[in-house]
Amino acid sequence: MSDKPQTSLYKKALRARFLSRTGPLHRFAITIAVVGALFNIIGLNLYPVDAFILRPTFLFVCSVIGFIVYPAGKTDEEHIGIYDIALLCLSLFAYLYTIFNYDGLAARAGVLWITPDLVAGAMLCVSILELARRTMGPALPVLALLLMGYALCGPYFPGILGHPGFGIDRLVSYIYSLDGIFGTPVSVTVTYVFVFVLFGALMEATGGGKVLIDVAISLTGRSRGGSAKIAIVGSSFFGTLNGSPVANVSATGTFTIPMMKKTGYQPAFSGAVEAAASTGGQILPPIMGASVFIMMDILGSDYVSIAKAALIPAVLYYVGVFWMVDLEARRTGVQGLPEDEVPRAREVLKEGGYLLLPIPVLLYALLIAQVSPLRAGLVGALSCLVVGAFGKKNNSSRPRLSLKTISNALYVTMKSSILVAAACTVAGIVLGVLGLTGLGLNIANIILNYSMGILPLALILATVVAIVMGIGMPTTAAYIICATIIAPGLVEMGVTAIGAHLFVLYFANLSNITPPVALACYAASGISGANPLSISITAFKLGLAGFLVPYAWVYGPQLLMDGSLLSVSYATITALVGIIALGVSLQGIIGSNKLGWVSRVFAAIAAILFVMPTGLTDLFALGFIFVSMMLILWDKHKTAEEIAKTP
6 MSDKPQTSLY
16 KKALRARFLS
26 RTGPLHRFAI
36 TIAVVGALFN
46 IIGLNLYPVD
56 AFILRPTFLF
66 VCSVIGFIVY
76 PAGKTDEEHI
86 GIYDIALLCL
96 SLFAYLYTIF
106 NYDGLAARAG
116 VLWITPDLVA
126 GAMLCVSILE
136 LARRTMGPAL
146 PVLALLLMGY
156 ALCGPYFPGI
166 LGHPGFGIDR
176 LVSYIYSLDG
186 IFGTPVSVTV
196 TYVFVFVLFG
206 ALMEATGGGK
216 VLIDVAISLT
226 GRSRGGSAKI
236 AIVGSSFFGT
246 LNGSPVANVS
256 ATGTFTIPMM
266 KKTGYQPAFS
276 GAVEAAASTG
286 GQILPPIMGA
296 SVFIMMDILG
306 SDYVSIAKAA
316 LIPAVLYYVG
326 VFWMVDLEAR
336 RTGVQGLPED
346 EVPRAREVLK
356 EGGYLLLPIP
366 VLLYALLIAQ
376 VSPLRAGLVG
386 ALSCLVVGAF
396 GKKNNSSRPR
406 LSLKTISNAL
416 YVTMKSSILV
426 AAACTVAGIV
436 LGVLGLTGLG
446 LNIANIILNY
456 SMGILPLALI
466 LATVVAIVMG
476 IGMPTTAAYI
486 ICATIIAPGL
496 VEMGVTAIGA
506 HLFVLYFANL
516 SNITPPVALA
526 CYAASGISGA
536 NPLSISITAF
546 KLGLAGFLVP
556 YAWVYGPQLL
566 MDGSLLSVSY
576 ATITALVGII
586 ALGVSLQGII
596 GSNKLGWVSR
606 VFAAIAAILF
616 VMPTGLTDLF
626 ALGFIFVSMM
636 LILWDKHKTA
646 EEIAKTP
């Protein structure tokens with residue numbers, strides 16, 4: 006089948022369910038977003054609000070905006086359907102009941118619930134599941150429904166999966182509590198995720214986002230294959246802020262993908278670069294999306310410890326993508342951007358460098374002052390307001406930040422929070438059922454039994470489960486589930502707690518570029534016009550280092566900065582050599598020399614051996630690299646002889 010029909014088909018399948026509203030409906034959405042965002046800011050800082058009020062209020066605002074901008078059926082920009090109005094009324098009743106009866110709900114949590122409690126809880130479940138279906142597709146809501154069915158039908162399951170079963174009232178009362186819908190995932194969304202999304206929205210509103218792109222262009226635009234390297238650097242900047250590969254592809258890809266195609270890259274390769282670069286944002290400190298904050302809560306760890314552990318693996322991932330792009334540019338002859346299209350870094354920073362000041366302010370608060378991530382995010386957002394208030398727009402007398410700009414930034418913040426809020430709320434339902442039935446522990450035991458205590462086999466099983474969980478649902482939700490059902494088993498087999506959690510997070514995230522269902526690649530196909538399967542295969546190839554690095558830190562936790570400076574340095578260097586060898590093997594070129602298949606196989610074996618960071622495997626890996634280099638030199642010598650013999 007040709008690419009053209011498939012591309013058209015995929016574009017229809019990927020056409021955003023989001024509808025940009027106009028008129029009174031748009032103004033209403035902005036108004037409720039601004040009010041909701043301001044209430045959340047006040048409730049988090051100035052006037053602390055009970056969790057049973059703050060969390061439902063935030064979810065209610067997200068639901069209202071969500072049902073407006075993600076309509077049930079075809080409608081125009083100014084009208085709303087009957088079904089959407091019904092869901093808005095349903096949500097309004099459920100959330101108002103929760104907010105005005107929070108004392109009684111907290112006292113009756115899980116037991117002795119009255120009928121109105123159960124009705125409100127059931128209505129809230131319907132509202133949340135429908136919002137999740139509209140924003141992210143059916144995968145996660147269907148999983149939640151299946152697990153709810155499992156909780157009701159426990160006696161009918163055999164063996165380890167069987168349990169006494171729970172009535173509908175017990176199930177709803179457990180889900181409709183701080184152990185379910187309003188649990189840890191939603192708590193993280195209302196606090197950490199909200200403030201960092203706010204920070205990113207204000208950075209973009211002040212013009213900091215454009216400066217970041219200009220910096221990326223000035224740093225890499227002149228080099229070989231510069232357009233693809235711009236995509237890598239720029240998307241890594243934005244990806245760590247928004248924490249969503251699909252959203253990042255949609256935002257930065259509209260600029261980077263056409264630029265890559267213009268400079269000579271194939272459409273599929275252009276889309277793959279953007280997908281791979283955007284996917285890495287969720288594993289790149291300082292922010293890493295929402296998952297890092299949920300990991301903090303689960304592990305009882307501080308932010309700095311997790312960010313420090315994640316730094317080297319994230320750098321290795323991007324080095325791998327960057328190296329693959331450089332080799333591809335050398336192989337295909339793609340050069341950098343024309344000189345007149347590349348700004349000077351000094352000029353960029355001189356003109357707009359002050360707009361980037363909120364980033365060092367945020368990093369100082371997080372890493373040096375070591376205030377809580379919540380407080381650091383708010384300090385960063387406040388610094389954006391200060392920069393915007395004093396900076397001038399396009400050399401005019403007008404400030405960069407007006408009340409309208411701020412209100413739009415708050416609207417973007419709440420609108421961007423809808424997907425995470427819906428995902429985390431449904432994930433709360435899943436966690437509630439797993440906790441109520443004990444299924445999470447049972448699945449961990451099943452993985453241990455099937456792996457027969459063999460760690461490599463357990464890691465492979467964990468990889469498959471995490472990738473499958475990541476298909477069709479946001480990384481945050483996939484991580485929450487995997488952290489509950491997979492990570493405990495890995496820890497029991499000797500993997501460090503932070504190593505096990507980062508392991509499942511990596512593979513849940515890498516599902517975005519894993520064929521055949523790679524959501525980031527689907528988003529890129531809509532921009533590049535290439536077949537999404539072709540994009541996903543290429544993106545998988547570009548990001549293959551990311552599939553090896555987690556295995557490396559399991560066997561050598563030094564990559565997580567767990568060890569002496571010497572041991573950490575040695576592990577990092579050997580991993581870098583392995584990534585270089587992997588890239589050479591996949592692209593079949595180094596310098597001006599093309600590799601034969603034997604040399605490529607030897608380089609691949611060396612890369613895999615470097616994953617097992619022991620002195621013996623490293624020696625074998627170096628031996629394979631040496632043999633591969635000798636074969637390259639031999640082929641080069643033979644080619645020179647043949648040319649010399651040619652008359």
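Going by the numbering used here, the sequence shown opens with residue 6, and the numbers climb by one from there.
In this text, a Cβ means the ideal position worked out from N, Cα and C, and glycines have one as well.
All figures in this text were calculated on a predicted structure; none of them were measured in a lab.
> For Gln563, which residues from the same chain have a beta carbon less than 6 Å from its beta carbon, with the 5 sequence-adjacent residues on both sides left out?
Replying inline: Sequence index remark: in the sequence shown, residue 563 carries index 558 (1-based). Only Ser572, Val573, Ala576 meet the Cβ criterion.
> Looking at the structure shown, is Lys79 part of a helix, part of a strand, or coil, going by DSSP?
Replying inline: Reading the sequence shown from its first residue, position 74 is the one you call residue 79. In this structure, DSSP gives Lys79 a state outside helix and strand, which the three-state scheme calls coil.
> Going along the chain, which residues of its own chain have a beta-carbon closer than 6 Å to the beta-carbon of Gly551, five neighbours each way excluded?
Replying inline: As a working mapping, residue 551 is identified with position 546 in the sequence shown. The beta carbon of Gly551 sits closer than 6 Å to the beta carbons of Tyr322, Leu515 from its chain, once the five residues preceding and following it are set aside; these are given in chain order.
>> I'd like to check one pair, Ile70 with Met419: are the Cβ atoms closer than 7 Å?
In response: Position 414 of the sequence shown, counted from the first residue, corresponds to residue 419. Position 65 of the sequence shown, counted from the first residue, corresponds to residue 70. Yes, Cβ-Cβ distance for Met419 and Ile70 is below 7 Å.
>> Considering Cα atoms alone, identify which of Phe298, Ser530, Gly548, Ser249 is closest to Met329.
In response: The residue given as residue 329 occupies position 324 in the sequence shown. Closest by alpha carbon: Gly548.
>> Using CA atoms only, rank isn't needed, just tell me which of Ile584, Asn447, Thr410 is closest to Ala319.
In response: Taking the sequence shown and counting its residues from 1, one reaches residue 319 at position 314. Out of Ile584, Asn447, Thr410, Ile584 has the C-alpha closest to the C-alpha of Ala319.
>> Given this structure, state the Cα-to-Cα distance separating Ile262 from Leu507, to the nearest angstrom.
In response: Position 257 of the sequence shown, counted from the first residue, corresponds to residue 262. Position 502 of the sequence shown, counted from the first residue, corresponds to residue 507. Their Cα atoms are separated by approximately 30 Å.
> What separation, rounded to the nearest whole angstrom, lies between the Cα atoms of Thr36 and Ala414?
Replying inline: For this step, residue 36 is matched to residue 31 along the sequence shown. For this step, residue 414 is matched to residue 409 along the sequence shown. Approximately 12 Å, taken between the alpha carbons.
> Are the beta-carbon atoms of Ala144 and Met478 separated by less than 7 Å?
Replying inline: Start at 1 with the first residue of the sequence shown, and residue 144 comes out as number 139. Start at 1 with the first residue of the sequence shown, and residue 478 comes out as number 473. It is a contact, given that the beta carbons lie within the stated cut-off.
> Roughly how many angstroms lie between the CA atoms of Ile292 and Leu246, to the nearest whole one?
Replying inline: As a first step, residue 292 is located in the sequence shown; it is residue number 287 there, counting from the start. As a first step, residue 246 is located in the sequence shown; it is residue number 241 there, counting from the start. Between Ile292 and Leu246, the C-alpha separation is close to 6 Å.
>> Whole angstroms are fine: how far does the CA of Asp331 sit from the CA of Leu510?
In response: Looking up residue 510 in the sequence shown gives position 505. Looking up residue 331 in the sequence shown gives position 326. Answer to the nearest angstrom: the Cα atoms are 27 Å apart.
> In its own chain, which residues sit with a C-beta less than 6 Å from the C-beta of Asp8, not counting the 5 before and 5 after it?
Replying inline: Looking up residue 8 in the sequence shown gives position 3. At Asp8 the pLDDT is 42, less than 50, meaning the model places this residue with poor confidence; the figure from the coordinates comes in the next sentence. So the list reads Asn536, once near-sequence residues are dropped.
> Under three-state DSSP, which class holds Ile594?
Replying inline: Here the question's residue 594 lines up with position 589 in the sequence shown. It is a strand residue.
>> Using a Cβ-Cβ cutoff of less than 7 Å, which residues in the same chain neighbour Leu636 once the five nearest sequence positions on both sides are dropped?
In response: Counting from 1 along the sequence shown, the entry for residue 636 is found at position 631. Closer than 7 Å at the Cβ level, and outside the excluded window around Leu636, lie Gly601, Val603, Ser604.
> When you compare each of Val202, Val297, Ala112 to Tyr181 by their alpha carbons, which one comes out closest?
Replying inline: On the sequence shown, residue 181 is found 176 positions in, with the first residue counted as 1. The shortest Cα separation from Tyr181 among Val202, Val297, Ala112 belongs to Ala112.
> Counting Cβ pairs closer than 8 Å, one from the region 385-395 and one from the region 93-108, do we hit at least three?
Replying inline: As far as the Cβ criterion goes, the region 385-395 does not touch the region 93-108, which means the pair count is below three.
>> I'd like to know if the region 607-621 and the region 578-594 are in contact, where contact means that at least 3 CB-CB pairs between them fall below 8 Å.
In response: Yes, the region 607-621 touches the region 578-594.
> Quick one: what's got a C-beta closer than 8 Å to Ile595's C-beta in the same chain, skipping five residues either side?
Replying inline: Taking the sequence shown and counting its residues from 1, one reaches residue 595 at position 590. Around Ile595: Leu332, Val589, Ile637.
>> Based on DSSP bridge pairs, tell me the residues matched to Met599.
In response: As a working note, residue 599 is residue 594 in the sequence shown. The question names Met, yet the displayed sequence has Lys at residue 599. Lys599 is bridged by DSSP to Ile594.
> What whole-angstrom Cβ distance do Ala206 and Val417 have, given they're in contact under 8 Å?
Replying inline: The sequence position of residue 206 within the sequence shown is 201, counting from 1. The sequence position of residue 417 within the sequence shown is 412, counting from 1. At roughly 4 Å, the Cβ-Cβ gap stays under 8 Å, so Ala206 and Val417 are in contact.
> On the three-state DSSP scale, how would you describe Ser401?
Replying inline: Here residue 401 corresponds to residue number 396 of the sequence shown, with the count starting at 1. Low confidence applies here, because Ser401 scores a pLDDT of 46, under 50, leaving its location unreliable; read the following figure in that light. Judged by DSSP in its simplified three-state form, Ser401 adopts coil rather than helix or strand.
>> Using a Cβ-Cβ cutoff of less than 6 Å, which residues in the same chain neighbour Asp184 once the five nearest sequence positions on both sides are dropped?
In response: Here residue 184 refers to the residue found at position 179 when the sequence shown is read from its first residue. The answer, listed in chain order, is Gly437.
> Fully enclosed by the region 374-437, which alpha helix (DSSP H) runs are 4 residues long or longer?
Replying inline: Counting whole runs of 4 or more residues, the region 374-437 contains the alpha helix (DSSP H) stretches 378-395.
> If we count the other Cβ atoms within 10 Å of its Cβ and call it buried at 16 or more, is Lys643 buried or exposed?
Replying inline: Working through the sequence shown from its first residue, we reach residue 643 at position 638. Taking all protein chains shown into account, Lys643 has fewer than 16 neighbouring C-beta atoms within 10 Å of its C-beta and is therefore exposed.
> So, are the CB atoms of Thr194 and Ala426 less than 7 Å apart?
Replying inline: Within the sequence shown, numbered from 1, the residue matching residue 194 stands at position 189. Within the sequence shown, numbered from 1, the residue matching residue 426 stands at position 421. Yes, Cβ-Cβ distance for Thr194 and Ala426 is below 7 Å.
> What is the residue span of the alpha helix (DSSP H) that Met300 lies within?
Replying inline: For the purposes of this step, residue 300 is identified with residue 295 of the sequence shown, where counting begins at 1. Run containing Met300: 296-304, per the alpha helix (DSSP H) assignment.
> From Phe33 to Gly531, what does the alpha carbon distance come to, in whole angstroms?
Replying inline: As a working mapping, residue 33 is identified with position 28 in the sequence shown. As a working mapping, residue 531 is identified with position 526 in the sequence shown. A direct Cα-Cα distance of roughly 30 Å separates Phe33 from Gly531.
>> So the candidates are Asp640, Lys641, Ala608, Trp639; which of them puts its Cα closest to the Cα of Leu627?
In response: By one-based count along the sequence shown, residue 627 stands at place 622. For the residues Asp640, Lys641, Ala608, Trp639, the minimum Cα distance to Leu627 belongs to Ala608.
>> By alpha-carbon positions, which one of Ser228, Ala295, Asp219, Ala156 ends up nearest to Leu203?
In response: In the sequence shown, counting from the first residue as 1, residue 203 sits at position 198. The residue with the shortest Cα to Cα distance from Leu203 is Ala295.
>> With a threshold of 7 Å on Cβ separation, who are the neighbours of Ser228 within its own chain once the five nearest residues in sequence on each side are excluded?
In response: As a working note, residue 228 is residue 223 in the sequence shown. Within the same chain, and ignoring the five residues on either side of Ser228 in sequence, the residues whose Cβ sits closer than 7 Å to its Cβ are Lys234, Gly341.
> Under the rule that 16 or more other beta-carbon atoms within 10 Å means buried, what is Ala374, buried or exposed?
Replying inline: Residue 374 sits at position 369 when you count from the first residue of the sequence shown. Classification of Ala374: exposed, given that the 10 Å Cβ count is below 16.
> Which residues in the same chain have their Cβ closer than 8 Å to the Cβ of Val40, if we skip the five residues on either side of it in sequence?
Replying inline: Sequence index remark: in the sequence shown, residue 40 carries index 35 (1-based). Shown here for Val40: same chain residues with a beta carbon closer than 8 Å to its own, the five before and five after excluded, namely Val66 in chain order.
> So is Thr480 buried or exposed if we call it buried at 16+ other beta carbons inside 10 Å?
Replying inline: The count along the sequence shown starts at 1 and reaches residue 480 at position 475. A residue is called buried when at least 16 other Cβ atoms come within 10 angstroms of its Cβ; Thr480 meets this threshold and is buried.
> What is the residue span of the alpha helix (DSSP H) that Arg336 lies within?
Replying inline: Taking the sequence shown and counting its residues from 1, the one referred to as residue 336 is at position 331. Run containing Arg336: 308-337, per the alpha helix (DSSP H) assignment.
> In whole angstroms, what separates the C-alpha of Gly568 from that of Ile317?
Replying inline: In the sequence shown, the residue the question calls residue 568 occupies position 563. In the sequence shown, the residue the question calls residue 317 occupies position 312. Straight-line spacing of the CA atoms in Gly568 and Ile317 works out to 13 Å.
>> Do Ala156 and Thr519 have their beta-carbon atoms positioned less than 7 Å apart in this structure?
In response: Here residue 519 corresponds to residue number 514 of the sequence shown, with the count starting at 1. Here residue 156 corresponds to residue number 151 of the sequence shown, with the count starting at 1. Not in contact: Thr519 and Ala156 (Cβ atoms no closer than 7 Å).
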